[in-house]
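Residue numbers for the sequence shown follow the numbering used here, beginning at 2 and rising by one. Ideal Cβ placement from N, Cα and C applies to all residues, glycine included. First up is the structure itself, then whatever we jot down about it.
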Amino acid sequence: MKNSNTLMVYVECDEFAPINVSLEALSKGVELAKTNNLDVIAVLIGKFDESTEKICKDYGVHKIVEVAIDQYNIQSYGDAIVELINKYSPKLLISPTASIAKDIISYAGAKLSISCIAGVSKLEIQDKIHYTTSVYGGAVLQDICYDSDKTDLVFLANGAFKKELSPVDSVEIIKEDLPKPSNLYTIIKESVTEIAETVNLEEAEVIISCGRGMGTPEGLALVEELAKVLGGAIGATRPVTESGLVARTQQVGQSGKIVSPKLYIGCGVSGATQHVSGILGSDYIVAINKDEDAPIFEVSDVGIVGNGMDVLPIFIEEIKKVKNS
Ligand code: FAD
Numbered sequence: 002m003k004n005s006n007t008l009m010v011y012v013e014c015d016e017f018a019p020i021n022v023s024l025e026a027l028s029k030g031v032e033l034a035k036t037n038n039l040d041v042i043a044v045l046i047g048k049f050d051e052s053t054e055k056i057c058k059d060y061g062v063h064k065i066v067e068v069a070i071d072q073y074n075i076q077s078y079g080d081a082i083v084e085l086i087n088k089y090s091p092k093l094l095i096s097p098t099a100s101i102a103k104d105i106i107s108y109a110g111a112k113l114s115i116s117c118i119a120g121v122s123k124l125e126i127q128d129k130i131h132y133t134t135s136v137y138g139g140a141v142l143q144d145i146c147y148d149s150d151k152t153d154l155v156f157l158a159n160g161a162f163k164k165e166l167s168p169v170d171s172v173e174i175i176k177e178d179l180p181k182p183s184n185l186y187t188i189i190k191e192s193v194t195e196i197a198e199t200v201n202l203e204e205a206e207v208i209i210s211c212g213r214g215m216g217t218p219e220g221l222a223l224v225e226e227l228a229k230v231l232g233g234a235i236g237a238t239r240p241v242t243e244s245g246l247v248a249r250t251q252q253v254g255q256s257g258k259i260v261s262p263k264l265y266i267g268c269g270v271s272g273a274t275q276h277v278s279g280i281l282g283s284d285y286i287v288a289i290n291k292d293e294d295a296p297i298f299e300v301s302d303v304g305i306v307g308n309g310m311d312v313l314p315i316f317i318e319e320i321k322k323v324k325n326s
């Protein structure tokens, strides 16, 4: 049975720092806790230190539950989530839509027979909990009112909720020493970071995406140069990652990363729903496409109709001029 007074937020970290989308989840959790008189607990699993705790405190958390685990493994992390849900019976557990979070919370959901609620762009607690989620790759929004006696497992859509500092004076830290799974199905012996992954896309403030229209070595070189002058990260559509031109870690969209940069520039990207559903959290969208009817223009703040091979060199030169002026 869930406890109606507790709300948990899973805080995914990169090294010791909570990633941006975790801060969005924390901010939403703290806001819900304030307006509904709930206790909010931040959940840290893996490696963390005082700097991690300080950031949670700066975002308004009064209580942190910590589970120290040396190395990532879906079972050890996922079992930790299961144990914490069983122990604290939160009303809901909210999480960013991030790589580890997606693995371990879905794993916990399977073990606890709870379906996860994904792509949540609106969340209100009244007598029941009301969610707005997107389906069919973002083409349709649906309102769900959930009334279950189990903990709701909720993935927030990245970029849908703003991060907001609300520092508190003190924070209670609870260190949980949970039993380790005895039979690991997989053991990670070595992890290799994709050389092409220079910036975590979920963290990037500027993303320049390469679509099939620019999906040649020459086209990609221009996209990379634009990313360099703007200090941005490279994203790509699925055909471009499938061709091997750009690493799979850089794929944006339904089966890639859900991103929320300040600026997203799509170069030669048509704007299929499976891609667009991954970029709607961006603050500002610019599209360059030679087809004036390309669907990407429907979600763009600025659209440039033209051949990317001609437009990008001018774009790059103009930005260099502005930077040097
Ligand atoms: P295209 O659709 O081929 O578009 C290329 C565009 O470039 C066209 O609009 C064309 O006008 C323009 N163009 C051509 N030449 C130039 C030029 N020189 N200058 C300027 N413009 C030019 N896709 C994703 O991206 N991410 C996902 O996560 C993803 N997940 C999927 C999941 C499922 C289950 C399925 C079925 C599909 C998924 N897809 C995903 C694929 C998606 O449906 C599209 O096929 C894909 O996004 C199209 O990529 P694109 O825009 O690069 O290519």
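Query	Result
Pull every residue with its beta-carbon under 5 Å away from any heavy atom of the ligand FAD, and keep them in chain order.	G212, R213, G214, T238, R239, P240, G254, Q255, S256, G257, G269, V270, S271, A273, Q275, H276, N290, K291, D292, A295, N308 and G309
Short check: CB of E173 to CB of K64, under 9 Å?	yes
Check A43 in the structure and name its three-state DSSP category.	strand
Can you check DSSP and say which residues form a bridge with Y285?	L264
Excluding the five sequence neighbours on either side, which residues of its own chain have a C-beta within less than 7 Å of the C-beta of L24, listed in chain order?	Y60 and K164
Between the C-alpha atoms of K129 and V10, what's the straight-line distance to the nearest angstrom?	19 Å
What span of residues does the alpha helix (DSSP H) with F316 cover, start to end?	G309 to N325
Within 10 Å of its beta-carbon, does K58 have 16 or more other beta-carbons around it, so buried, or fewer, so exposed?	buried
So, is S271 buried or exposed, given that buried needs 16 or more other C-beta atoms within 10 angstroms?	buried
If we count Cβ pairs, one from each stretch, closer than 8 Å, do we get three or more for the region 248–265 versus the region 198–217?	yes
Measure the CB-CB distance between L45 and G30 and report whether it falls below 9 Å.	no
At what residue ranges does the region 149–203 contain a whole run of the beta strand (DSSP E), taking only runs of 3 or more?	153–157 and 173–176
Determine contact between the region 36–50 and the region 65–76, defined as no fewer than three beta-carbon pairs at a distance below 8 Å.	yes
Below 8 Å CB to CB, which residues in the same chain sit around C14 once its five sequence neighbours on both sides are set aside?	I20, S23, L45, G47, K48, F49 and T53
Using only CA atoms, which one of L93, I101, V62 and Q76 lies nearest to E16?	I101
So does the region 211–228 actually touch the region 240–249, counting three or more Cβ pairs closer than 8 Å?	yes
Output the distance between the C-alpha atoms of E51 and N159, rounded to the nearest integer angstrom.	26 Å
What's the C-alpha gap between Y147 and S122?	15 Å
Please report the distance separating the alpha-carbon of V303 from that of L281.	14 Å
Does the separation of the CB atoms of L33 and L124 fall below 9 Å?	yes
Who are the Cβ neighbours of T1 in its own chain at under 8 Å, not counting the five residues just before and after it?	Because the chain is modelled from 2 through 326, residue 1 falls outside the range shown and cannot be assessed.
Would DSSP call G269 helix, strand or coil?	coil
Measure the C-alpha to C-alpha separation of K322 and L179 and round it to an integer number of angstroms.	57 Å
Which residue from V83, V62 and A18 puts its Cα closest to that of V35?	Reading off the sequence shown, one finds Lys at residue 35, where the question assumed Val. That would be V62, whose Cα lies nearest to the Cα of K35.
Would you check if the distance between the CB atom of A109 and the CB atom of G79 is smaller than 9 Å?	yes
Distance, Cα to Cα, L157 vs A18?	19 Å
Confirm, please, whether the CB-CB distance from V306 to E1 is below 9 Å.	Residue 1 lies beyond the stretch modelled for the chain, which goes from 2 to 326, so this question has no answer here.
Could you give the DSSP three-state label for D80: helix, strand or coil?	helix
Give me the Cβ distance between L231 and L313, rounded to the nearest whole Å; I'm assuming they're in contact under 8 Å.	That belief does not hold up - the Cβ atoms of L231 and L313 are roughly 12 Å apart, past 8 Å.
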